[in-house]
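Student:
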Amino acid sequence: QPRPEARESLAYFNEQGIHTTMLTGDHLGTAKVIAAEIGLSDYESDCLPDEKTTRIKEMKETYKINAMVGDGINDAPALATASVGIAMGEGTDVAMDVADIVLMKNDLLRLVDSHRLAKKLQRIIKQNIVFSISVILLLIASNFLEFLTLPLGVVGHEGSTILVILNGLRMLLPLHKETPHQAKPTRKDCDDCVLYQQSLHT
């Protein structure tokens, strides 16, 4: 039985242009039914732990960066191999020990929130870098052209620092909830690959 939120979370990642694959130890018939119910076209069944690890390595070579979600002992080697290993909070201790991230609640929509939060952080960092460099270049140019006095230069520099801090505080604001159809991909060919394991199941 798939998790009720599996289809929604997969729809989000598909909208973002992120390739998703299910690697499972279940038989082909079971894997096919689960994949159909959650809207997943790429899946592999009867995967042993070492086979999952091999596929993770292959995905990393193809997509450069990948992430794996798992909760069982059989997922632990692949979790450790992935660029980012994500374990479910109610999974095995071994999986949580080797994972980079542990979702304390067994809710796949937390992956969606985490991805959107990371994108927001990336945008803010880029904004702050561009703004800071622009202000510094402007102050340097103004100084050479003698358009700016020292007190105004100090005020401009410190003021820009405050603005950067205030912009960073936007991370504390709640995320605007988007439906999968509202979410827009950042690019057509994304370098991320999210691999769902048994955590798709209840």
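Numbering (the working numbering), first residue to last: 15 to 216. Cβ atoms here follow ideal geometry from the backbone N, Cα and C, with glycine treated the same way.
1) Based on the DSSP output, what are the partners of L117 in its beta bridges?
2) Are the Cβ atoms of T67 and T95 separated by less than 8 Å?
3) Using only CA atoms, which one of L152, S146, L164 and V168 lies nearest to I179?
4) Please confirm if the stretch 18 to 32 is in contact with the stretch 49 to 58, defined as three or more CB-CB distances below 8 Å between the two stretches.
5) With a threshold of 16 other CB atoms inside 10 Å of the CB of S45, please say whether the residue is buried or exposed.
6) Following the continuous beta strand (DSSP E) through G86, name the residue where it begins and the one where it ends.
7) Quick one: what's L37 bridged to in DSSP?
8) Taking only the alpha-carbon atoms, compute the straight-line gap between I79 and T163 and give it to the nearest angstrom.
9) Return the residue from the list D111, V126, Q15 and G167 that minimises the CA-CA distance to L189.
10) Closer than 8 Å is the cut-off here; do at least three beta carbon pairs connect the stretch 121 to 136 with the stretch 171 to 178?
11) Express the C-alpha separation of F158 and A90 in angstroms, rounding to a whole number.
12) Could you round the C-beta distance between N120 and E104 to whole angstroms and report it? I think they count as a contact, below 8 Å.
13) Can you tell me where the alpha helix (DSSP H) holding P188 begins and where it ends?
Tutor: Well, looking at it:
1) L117 pairs with M102.
2) Cβ distance < 8 Å, so T67 and T95 count as in contact.
3) The residue from L152, S146, L164 and V168 with its alpha-carbon nearest to that of I179 is S146.
4) Segments in contact, yes.
5) Just to set this straight, residue 45 is Ala in the shown sequence, not Ser. With 16 or more other Cβ atoms from the protein chains shown falling within 10 Å of its own Cβ, A45 counts as buried.
6) Element bounds for G86: n/a, residue is neither H nor E.
7) L37 is bridged by DSSP to E58.
8) C-alpha separation (whole angstroms): 48 Å.
9) Minimum Cα distance to L189 is reached at V126.
10) In this structure the stretch 121 to 136 does not lie against the stretch 171 to 178, because fewer than three pairs of beta carbons, one per stretch, are closer than 8 Å.
11) Approximately 59 Å between the Cα atoms of the pair.
12) Contact between N120 and E104 holds: CB atoms are separated by about 5 Å, below the 8 Å threshold.
13) Boundaries for P188: no alpha helix (DSSP H) harbours it, and the DSSP string shows neither H nor E there.
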